[in-house]
Amino acid sequence: MQYFDHTATKLIEKDVIEFYLKQLKANNYNPAAIYASGLEAAESISNSAKSIAKNLECEPDEIIFTSGATESINTAIKGIVLSPNPKTKRILTSAGEHSATTETLKFLEQKMDYQIDVCDLDANGQINLDQLERYLKNEKYDLLTIIHVNNVLGTINPIEKIVALRNQYQKELPIHLDSVQTLGKLELNLSKLGIELASFSLHKIGTPKGIGLLYKSRNTRIEPLIHGGGQQNSLRSGTENPALVATAAYVIEKTTKFLTEDLAKINKLSNYLTSQLDQAKINYQYIPSNDAEVVPHINAILFPNLRAETLLNVLNIKDIAVSIGSACSNKKSKQNEILKKLQLPGQMDKHILRISLASNNTKEEINDLVTKISEALAKYAV
Ligand code: PLP
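In the numbering used here, the protein residues as written are 220 to 601.
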């Protein structure tokens with residue numbers, strides 16, 4: 220299969236499988252056990268946390284291992300809501316969030332009487348900063364939760380400006396960042412960003428599924444969601460998987476090391492994709508417009524003459540994997556909420572295909588993809 224859906228999940232590479240298998244054999248004891256092998260497992264987790272903290276530029280005790288970003292996001296948001304900090308029962312967010320955030324906020328609205336204020340997106344899918352400023356100036360909040368890199372459009376939100384506005388109007392307000400699409404796509408320095416919480420899903424950078432991170436700065440208080448044996452400073456009970464945690468550290472190290480090189484390759488591939496679409500004289504539009512700040516991995520492309528669902532199905536038959544919107548909304552027939560917010564004329568949001576690239580995609584694969592798109596358009600375009 221030709222794979223252009225690396226935003227949904229990055230496929231596990233051979234060296235990672237080998238590393239994980241080796242770890243499963245050698246590092247499989249309960250890290251809470253107090254005999255030598257258990258202590259070794261605990262030390263391995265501690266070393267993994269140190270390595271991850273070094274790469275993400277934070278402290279090891281600011282890292283909480285979770286099952287994935289959905290759990291991290293739930294823990295961050297509900298953890299703040301349940302914490303003993305004084306409450307305004309109001310949360311500020313944007314219209315560009317993943318369902319892990321929107322559904323959590325909906326739950327708080329319906330079950331805990333929270334008021335959720337939502338900043339609109341501009342035509343590029345970035346948060347409306349004027350509106351954010353008005354909200355921060357006029358209301359008090361428990362939390363500001365915001366996506367960093369939009370998983371549908373690839374747009375980068377201006378975190379520095381958002382942090383500056385928070386500092387200007389509500390210095391005590393914690394910010395939670397959905398950083399799922401940041402890792403491996405942008406340089407990340409958690410200590411410098413000025414945020415308090417950040418969520419990650421590590422399968423997005425090529426670990427096995429089932430592991431995520433929650434960054435929580437030392438001076439931020441959250442209430443745990445999962446109670447039990449008191450692991451991870453009682454912030455997330457449950458026996459850790461030392462082999463998986465070690466694999467996470469391995470993949471994060473590798474991703475950080477090759478970030479600049481990978482970024483350059485993917486930039487070239489993304490430019491090559493549009494140059495080939497131009498050369499094939501295909502009618503398309505790059506969303507968001509080219510002057511927006513986007514990551515080159517995520518290419519949201521509008522084909523005015525064909526619905527994206529039809530194109531996806533035709534490509535699927537040819538064994539090419541692309542997507543429409545985010546992976547979890549693909550199977551639902553409802554319109555993608557983020558694309559709907561762009562307010563494109565007609566129903567053009569239904570014509571947007573997400574082609575997401577990794578550094579191991581090749582020009583030959585892109586040539587083939589463009590040929591297949593061209594054939595599909597010739598046959599089915601309206
Ligand atoms: N946030 C963003 C931006 C995502 O892209 C995803 C996954 O697609 C998630 C959160 C949820 O991640 P997971 O399903 O791995 O928990």
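Just so it is clear, CB atoms sit at the ideal spot from N, CA and C, and this is done for glycine as well. Keep in mind that this is a model prediction, so the values were computed, not measured.
Compute every distance between the C-beta of residue i and the non-hydrogen atoms of the ligand PLP, then say whether any falls below 8 Å.
{"i": "Glu290", "result": "yes"}
{"i": "Ser418", "result": "yes"}
{"i": "Asp397", "result": "yes"}
{"i": "Lys319", "result": "The residue asked about is misnamed: residue 319 is Ala in this sequence, not Lys. The answer is yes for Ala319."}
{"i": "Gln242", "result": "no"}
{"i": "Ala227", "result": "yes"}
{"i": "Val368", "result": "yes"}
{"i": "Lys428", "result": "yes"}
{"i": "Gln345", "result": "no"}
{"i": "His422", "result": "yes"}
{"i": "Gly287", "result": "yes"}
{"i": "Gln334", "result": "no"}
{"i": "Gly403", "result": "no"}
{"i": "Gly431", "result": "yes"}
{"i": "Gln566", "result": "no"}
{"i": "Gln495", "result": "no"}
Quick check: the Cα distance between residue i and residue j, rounded to an integer number of angstroms?
{"i": "His422", "j": "Leu384", "result": "32 Å"}
{"i": "Leu189", "j": "Thr493", "result": "This structure does not reach residue 189, given that the chain is present from 220 up to 601, and the question cannot be answered."}
{"i": "Ile571", "j": "Ala252", "result": "52 Å"}
{"i": "Leu362", "j": "Tyr239", "result": "37 Å"}
{"i": "Gln389", "j": "Lys411", "result": "18 Å"}
{"i": "Ser552", "j": "Glu528", "result": "Unreliable placement is indicated for Ser552, whose pLDDT of 47 sits below 50; no coordinate value is reported for it."}
{"i": "Ile335", "j": "Lys241", "result": "46 Å"}
{"i": "Ile543", "j": "Glu262", "result": "43 Å"}
{"i": "Val541", "j": "Glu259", "result": "43 Å"}
{"i": "Ser593", "j": "Leu534", "result": "11 Å"}
{"i": "Pro515", "j": "Ser489", "result": "6 Å"}
{"i": "Leu576", "j": "Gly373", "result": "11 Å"}
{"i": "Ser267", "j": "Leu463", "result": "10 Å"}
{"i": "Val371", "j": "Asn518", "result": "8 Å"}
{"i": "Ile283", "j": "Glu276", "result": "14 Å"}
{"i": "Ala597", "j": "Tyr360", "result": "52 Å"}
Are residue i and residue j close, meaning C-beta to C-beta below 9 Å?
{"i": "Ile441", "j": "Ala295", "result": "yes"}
{"i": "Lys297", "j": "Thr323", "result": "yes"}
{"i": "Ala499", "j": "Thr590", "result": "yes"}
{"i": "Leu402", "j": "Ile365", "result": "no"}
{"i": "Thr439", "j": "Glu472", "result": "no"}
{"i": "Leu432", "j": "Ile292", "result": "no"}
Who are residue i's beta bridge partners in DSSP?
{"i": "Ile430", "result": "In the DSSP output, where bridge partners are listed per residue, Ile430 has none listed."}
{"i": "Asp397", "result": "Ile366 and Ser418"}
Quiz item: Does the stretch 454 to 462 come close enough to the stretch 303 to 316 that 3 or more CB-CB pairs lie under 8 Å?
Solution: no
Quiz item: Per the contact definition of three or more C-beta pairs closer than 8 Å, is the stretch 466 to 475 in contact with the stretch 562 to 571?
Solution: no
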